[in-house]
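Residue numbers (my numbering): 2 to 259.
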């Protein structure tokens, strides 16, 4: 299993120049040069951004981590469970990945901590809570999530995007959301099955945020799949963005968003 992780990671570094791999970022922190924290007024969150050298436009940074899927809470939703309506605003699909002590995964953890240091000076000293990895069977792990909905703006009537049939086949989420919650494009998570080239073809699951351009994936090796294809123990390549958000007591924390 460990050899497969390395093979996939090296293949990713060779073929994909659009997103930044966290393990590679640790080895070259120059990748954070020019990065700044951008406020999203609507959500009252901050995210990492970088200006395109050619256009000067601000682009949200996307990071990738490759490791073993340790836990998951993914779609589809097929029935309403007890308390779901009350918790709907905070319900999310989530994954936990771990490297089982591999050095490359330790580099990923250290890169995330360095990203947090980049955002610290946006807040008062001590205001930003320290990000710490989760634990799985005694090993460091990383959690990523994405909420199904966000609150509808009070200042303007926003138009959301439909929740896909694969995610909500019986319309449970759509019915519960009502008019106060809205599903936006950034709430989507896409899932792929990838084939890694080599002496023997290997399959790897990929979890990508919706904003990734289709042509930045190698179409010949990636096929869109349903989230229920994934299993604990699979090797996955997960993409995430990093946000900073307010929390209780005037504090702030950092989260990894699928």
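Cβ atoms here follow ideal geometry from the backbone N, Cα and C, with glycine treated the same way.
Computed from a prediction, not measured in an experiment: that's the story for all the values here.
So what does DSSP say about residue i, is it helix, strand or coil?
i           : result
residue 212 : In this prediction, residue 212 scores a pLDDT of 38, lower than 50, which makes its location untrustworthy; the coordinate-derived value is nonetheless stated afterwards. Looking at residue 212 - three-state DSSP - the assignment turns out to be coil, as it is neither helix nor strand.
residue 78  : coil
residue 173 : helix
residue 189 : coil
residue 148 : strand
residue 83  : coil
residue 230 : helix
residue 64  : strand
Where residue i and residue j are concerned, what is the direct C-alpha to C-alpha distance, given to the nearest angstrom?
i           : j           : result
residue 75  : residue 232 : 11 Å
residue 80  : residue 34  : 46 Å
residue 45  : residue 182 : 16 Å
residue 130 : residue 58  : 30 Å
residue 251 : residue 123 : 14 Å
residue 125 : residue 227 : 43 Å
residue 1   : residue 163 : Because the chain spans 2 through 259 in this model, residue 1 falls outside it and cannot be assessed.
residue 108 : residue 23  : 7 Å
residue 55  : residue 101 : 40 Å
residue 176 : residue 86  : 10 Å
residue 38  : residue 68  : 27 Å
Contact defined as beta carbons within less than 8 Å: I believe residue i pairs with residue j. What is the distance between those atoms, to the nearest angstrom?
i           : j           : result
residue 50  : residue 90  : Contact flag wrong, Cβ pair sits at about 26 Å.
residue 254 : residue 188 : Contact doesn't hold; Cβ gap of about 20 Å is too wide.
residue 119 : residue 36  : 6 Å
residue 92  : residue 149 : 5 Å
residue 134 : residue 229 : Residue 134 to residue 229, Cβ: 27 Å. No contact.
residue 161 : residue 185 : 5 Å
residue 31  : residue 21  : No, residue 31 and residue 21 are not in contact; Cβ-Cβ is about 11 Å, not under 8 Å.
Terminal residues of the continuous beta strand (DSSP E) containing residue i?
i           : result
residue 61  : 59-61
residue 41  : 37-41
residue 154 : Run containing residue 154: none; DSSP gives neither H nor E here.
residue 245 : 236-248
Using only CA atoms, which one of the options lies nearest to residue i?
i           : options            : result
residue 241 : 256, 73, 47, 93    : 256
residue 71  : 145, 159, 180      : 145
residue 195 : 238, 162, 165      : 238
residue 258 : 170, 190, 36       : 190
residue 246 : 23, 48, 73         : 48
residue 236 : 60, 94, 66         : 66
residue 180 : 168, 170, 171, 159 : 159
residue 143 : 55, 60, 96         : 96
residue 103 : 113, 141, 73, 78   : 141
residue 167 : 192, 248, 178      : 192
residue 132 : 138, 139, 121      : 121
residue 41  : 249, 83, 61, 82    : 61
Can you find a CB in chain D that lies within less than 8 Å of the CB of residue i?
i           : result
residue 173 : Reference to chain D is not applicable here, since this structure consists of a single protein chain.
So the alpha helix (DSSP H) residue i belongs to, where does it begin and stop?
i           : result
residue 52  : Per DSSP, residue 52 belongs to no alpha helix (DSSP H); it is in the beta strand (DSSP E), 46-52.
residue 28  : 23-28
residue 137 : Run containing residue 137: none in the alpha helix (DSSP H); it sits in the beta strand (DSSP E), 135-137.
residue 106 : 104-121
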